[in-house]
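According to full-length UniProt numbering, the sequence shown is numbered sequentially starting from 1. Just so it is clear, CB atoms sit at the ideal spot from N, CA and C, and this is done for glycine as well. Quick caveat: nothing in here was measured; it's all calculated off a predicted structure. Structure record follows, encoded as structure tokens.
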Amino acid sequence: MVAGLPVKPRLTRRTPVPVTGIVHLGPGAFFRAFNAIYTADVMAKVGGDWGILAVSLKSPTARDQLAPQGGVFTAVEMGADGAIPRVVGSIAKVLVAPEDPEAVVAAMADPAVKVVSLTITEKGYCHNPATGRLNLAHPDIMHDLADLAQPHSAPGFLVAALARRRAAGIAPFTVLSCDNLPSNGVLARGIVLDFARAHDGDLATWIEAEVRFPATMVDRITPATTDADVARLADAEGYTDLACVQHEPFRQWVIEDDFTDGARPDWSEAGAQFVASVEAHETMKLRCLNGTHSALAYLGYLAGYETISDTVADPAFAALCGKLWQDEIVPTVPPPEGEDLSAYCTALLGRYRNPSIRHRTWQIAMDGSQKLPQRCLGTLADNLADGRVPKGLCLVVAAWMRYVGGVDEAGNVIDVRDPLAARLKALSDAAEGSGAKVAALLSVDEVFPPTLAADARFRDAVTAAYEALVSEGARGTVARYAG
Ligand code: CS2
């Protein structure tokens, strides 16, 4: 029990445990507010054995929160009409992979499991973000290639379980990536095949021919749950639920309809869209939403704002979003069928303003080395290719560079969470002056493709923005850019 919480009885399951048809890797807040709800909605509407066995690849937290509650949890929709809680029962069980990796492989090899879905965050793919290829020097990948009996990584578990299914003559599951990565299906396929080729060439050939990796676009703003959220729910509902999540009302799921034997829940019954290609939706969401989210995260954090809604309450930052969309982002986004980009961006600003969603700038700022390429750098490169220097996006890159330097504008240490944090800080610290710091960080080729890093227009604009951040501060620089 978290200290300071009101003592209330624990939430318990009142509905039967569903039969497992899905294994999900990464049982964090987003999965609970998104996949678990869509699947619960489908089972409530049309039935089906689509219960979810959720697997945590690292920490036991989700299992410790969910197991005493029989897997159920409360999802609280935080909208204009106040907080609307509902209890979600689609999670059948939670496993903690490091405690028993064999149990996880066995569960994934169960013939009743048709889909293995993933919300493992960008870094869970163990890839090089600039190339999309598996990083064979990643410690977890090196471990798994040496001994696949006890995998550590998501690619390792997927390949171990597919190998077991193949050996037993069981049809493969579909691998469904639900992370904010461009062409996440192709990416997941690429890292699984890279791993399989290094492990067993015949298995790789079988995976290439037999396994489907549909792409998806996922969208629902879901901040990490805090003790205050748990306490508020306990006060309102009279029970304690350490696994509760708070999410916005909006949700959108676009899924490439390419599943092994067509075996999947009919998520369209819950409002998901099955389409032939997800690419246009993905580009729209990653560039318009995640691109400005990261802009607000770095610049807002440096300006001293704690949450996204606090940040956009400052008119300069709302104007920053408007200008980024209009001048730099939307011109690079081919509109997906059925979407009006200007209405989409206006709605986004409304979503960011939602005051009951306390999404911390610090949370979104995490793992920037894994996020910047698909959120900002592709958009940036498209502008440069069209002969425009996108000063706003260059300012975002400069803000990320200031952020990973590890000291805020008041001289306080920033708790930078990023797989490359130590290296980024060392590069920044070793360089003297804005131009040298920018050049040092541009040399990180997992983040910046060499052609972009070598573009003088880009380098100069990022250096000018970095200098402005140092001399005028983030708020002043944003106000001048957007003013
Ligand atoms: C956010 C996303 O944490 C982040 O980096 O930008 O998680 C964002 O909230 C979701 O993609 C919204 O769908």
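Practice prompt. Please indicate yes or no: does the CB of serine 183 lie closer than 8 Å to some heavy atom of the ligand CS2?
Written response: Stepping through the sequence shown from its first residue, residue 183 is reached at position 183. Not a single heavy atom of the ligand CS2 lies less than 8 Å from the C-beta of serine 183.
Practice prompt. Pull up the DSSP beta-bridge partners for alanine 204, would you.
Written response: If you number the sequence shown from 1, residue 204 lands on position 204. In the DSSP output, where bridge partners are listed per residue, alanine 204 has none listed.
Discussion item. Under 8 Å: does the beta carbon of lysine 285 sit that close to some heavy atom of the ligand CS2?
Written reply: Here residue 285 corresponds to residue number 285 of the sequence shown, with the count starting at 1. Checking the Cβ of lysine 285 against the ligand CS2 gives yes.
Worksheet item: Looking at arginine 220 and the ligand CS2, is the gap between the Cβ and the nearest heavy atom below 8 Å?
Response: Sequence index remark: in the sequence shown, residue 220 carries index 220 (1-based). Relative to the non-hydrogen atoms of the ligand CS2, the Cβ of arginine 220 comes within a distance shorter than 8 Å of at least one.
Worksheet item: For tryptophan 362, which option in Gly304, Asn383 and Trp325 has the closest C-alpha, if you only look at C-alpha atoms?
Response: Numbered from its first residue, the sequence shown carries residue 362 at position 362. Checking every option, the nearest Cα to that of tryptophan 362 belongs to Gly304.
Item to complete: Buried or exposed for alanine 40, please, with buried defined as at least 16 other CB atoms from any protein chain shown within 10 angstroms of its CB.
Response: Position 40 of the sequence shown, counted from the start, is the residue given in the question as residue 40. Looking at its Cβ environment, which holds 16 or more other Cβ atoms inside 10 Å, alanine 40 is buried.
Practice prompt. Could you pull the start and end residues of the beta strand (DSSP E) that valine 444 belongs to?
Written response: Locating residue 444 in the sequence shown gives position 444, where the first residue counts as 1. Segment: none, valine 444 is in no beta strand (DSSP E) and carries neither H nor E.
Item to complete: Between the Cα of glycine 291 and those of Arg251, Val396, Gly201 and Pro315, spot the shortest distance and give me the residue it belongs to.
Response: The sequence position of residue 291 within the sequence shown is 291, counting from 1. That would be Val396, whose Cα lies nearest to the Cα of glycine 291.
Worksheet item: What are the boundary residues of the alpha helix (DSSP H) that leucine 377 is part of?
Response: On the sequence shown, position 377 is the one that residue 377 refers to. Run containing leucine 377: none; DSSP gives neither H nor E here.
Fill in: Coarse secondary structure for arginine 10, derived from DSSP in three states
Locating residue 10 in the sequence shown gives position 10, where the first residue counts as 1. Looking at arginine 10 - three-state DSSP - the assignment turns out to be strand.
Discussion item. Is the beta carbon of phenylalanine 250 closer than 9 Å to that of threonine 119?
Written reply: Here residue 119 refers to the residue found at position 119 of the sequence shown. Here residue 250 refers to the residue found at position 250 of the sequence shown. Threonine 119 is not a Cβ neighbour of phenylalanine 250, given a cutoff of 9 Å.
Worksheet item: Hey, how far is the Cα of cysteine 376 from the Cα of tryptophan 253?
Response: Within the sequence shown, residue 376 is the residue found at index 376, counting from 1. Within the sequence shown, residue 253 is the residue found at index 253, counting from 1. Taking the straight line joining both Cα atoms gives about 22 Å.
Item to complete: May I ask you to report which of helix, strand or coil DSSP gives methionine 366?
Response: Stepping through the sequence shown from its first residue, residue 366 is reached at position 366. Note: methionine 366 maps to coil in three-state DSSP.
Worksheet entry | Residue span of the alpha helix (DSSP H) that contains arginine 360, given as start and end | For the purposes of this step, residue 360 is taken as residue 360 along the sequence shown, with counting starting at 1. Careful: arginine 360 lies outside any alpha helix (DSSP H) and carries neither H nor E.
Fill in: Buried or exposed (CB count within 10 angstroms, at least 16 for buried), threonine 15
Numbered from 1 along the sequence shown, position 15 holds the residue referred to as residue 15. Exposed is the call here.
Worksheet entry | Alpha-carbon to alpha-carbon, leucine 57 and proline 111 | In the sequence shown, the residue the question calls residue 111 occupies position 111. In the sequence shown, the residue the question calls residue 57 occupies position 57. Separation of proline 111 and leucine 57 (C-alpha to C-alpha, rounded to the nearest whole angstrom) is 22 Å.
Item to complete: Please work out which residues of its chain come closer than 7 Å, Cβ to Cβ, to valine 23, disregarding the five sequence neighbours upstream and downstream, and give them in chain order.
Response: Taking the sequence shown and counting its residues from 1, the one referred to as residue 23 is at position 23. The beta carbon of valine 23 lies closer than 7 Å to those of Leu53, Val55, Ala107, Met108, Val113 and Val116 in the same chain, with the five residues before and after it left out.
Worksheet item: Considering only residues of the same chain and omitting the five flanking positions on each side of alanine 83, which have a CB-CB separation below 6 Å?
Response: For the purposes of this step, residue 83 is taken as the residue at position 83 of the sequence shown. Counting only residues of its own chain and dropping the five nearest sequence neighbours on each side, alanine 83 has a CB closer than 6 Å to the CB of Val76.
Worksheet item: The beta strand (DSSP E) spanning lysine 93 covers which residue range?
Response: Here the question's residue 93 lines up with position 93 in the sequence shown. Start and end: 91 to 96.
Practice prompt. Flag this pair as touching only if the stretch 368 to 386 and the stretch 300 to 320 have three or more C-beta atom pairs under 8 Å; answer yes or no.
Written response: Touching, no.
Worksheet item: Do the stretch 203 to 221 and the stretch 150 to 157 touch if we need at least three Cβ pairs shorter than 8 Å?
Response: Short answer: they don't touch.
Worksheet item: Under the DSSP definition of a beta bridge, which residues are partnered with glycine 51?
Response: By one-based count along the sequence shown, residue 51 stands at place 51. Its beta-bridge partners are Thr20.
Worksheet item: Shortest alpha-carbon distance to glycine 21 belongs to which of Thr61, Glu99, Val175 and Pro68?
Response: In the sequence shown, counting from the first residue as 1, residue 21 sits at position 21. Restricting attention to Thr61, Glu99, Val175 and Pro68, the CA atom closest to the CA of glycine 21 is found in Val175.
Discussion item. Going by DSSP in three states, leucine 289 sits in which element: helix, strand or coil?
Written reply: The sequence position of residue 289 within the sequence shown is 289, counting from 1. Three-state result, leucine 289: helix.
Fill in: First through last residue of the alpha helix (DSSP H) which encompasses arginine 86
Reading the sequence shown from its first residue, position 86 is the one you call residue 86. Arginine 86 -> not in any alpha helix (DSSP H); beta strand (DSSP E) instead, spanning 82 to 88.
Item to complete: With DSSP collapsed to three states, give me the class of isoleucine 37.
Response: In the sequence shown, the residue the question calls residue 37 occupies position 37. DSSP places isoleucine 37 in the helix class (H, G or I) of the three-state scheme.
Worksheet entry | C-alpha gap between valine 333 and asparagine 383, whole angstroms | The count along the sequence shown starts at 1 and reaches residue 333 at position 333. The count along the sequence shown starts at 1 and reaches residue 383 at position 383. Distance between the alpha carbons of valine 333 and asparagine 383 is about 11 Å.
Worksheet item: Since threonine 225 and arginine 287 are thought to touch, with beta carbons under 8 Å apart, how far apart are those beta carbons, to the nearest angstrom?
Response: One-based indexing of the sequence shown puts residue 225 at position 225. One-based indexing of the sequence shown puts residue 287 at position 287. Not a contact, Cβ separation roughly 28 Å.
Discussion item. Less than 9 Å between the C-beta atoms of serine 73 and cysteine 244, yes or no?
Written reply: Residue mapping note: residue 73 aligns to position 73 of the sequence shown, counting from 1. Residue mapping note: residue 244 aligns to position 244 of the sequence shown, counting from 1. Checking the displayed sequence, the identity of residue 73 turns out to be phenylalanine instead of serine. At a Cβ-Cβ threshold of 9 Å, phenylalanine 73 and cysteine 244 count as neighbours.
Practice prompt. For my contact list, residue 487 and leucine 427 are in at a C-beta cut-off of 8 Å; report their separation, rounded to the angstrom.
Written response: Residue 487 lies beyond the stretch modelled for the chain, which goes from 1 to 483, so this question has no answer here.
Discussion item. Taking the beta carbon of aspartate 266 as the centre, do at least 16 other beta carbons fall within 10 Å, making it buried, or is it exposed?
Written reply: In the sequence shown, the residue the question calls residue 266 occupies position 266. Aspartate 266 is classed as exposed because its beta carbon has fewer than 16 other beta carbons within 10 Å across all chains shown.
Fill in: Check: asparagine 180 C-beta below 8 Å from any heavy atom of the ligand CS2
What you label residue 180 is simply residue 180 of the sequence shown in a count that begins at 1. Taking 8 Å as the cut-off, the C-beta of asparagine 180 counts as close to a heavy atom of the ligand CS2.
Item to complete: Count the other CB atoms, across all protein chains shown, that sit within 10 Å of the CB of aspartate 194; report buried if there are 16 or more and exposed otherwise.
Response: The residue given as residue 194 occupies position 194 in the sequence shown. Counting Cβ neighbours within 10 Å, aspartate 194 comes out buried, since at least 16 surround it.
Fill in: Three-state secondary structure (DSSP) of alanine 75
Mapped onto the sequence shown, residue 75 falls at position 75. It is a strand residue.
Worksheet entry | Per DSSP, cross-strand counterpart(s) of threonine 307 | The residue given as residue 307 occupies position 307 in the sequence shown. Arg360, per the DSSP bridge assignment.
Practice prompt. For the beta strand (DSSP E) holding residue 510, just list the boundary residues, first then last.
Written response: Shown here, the chain extends from 1 to 483; a query on residue 510 therefore has no answer.
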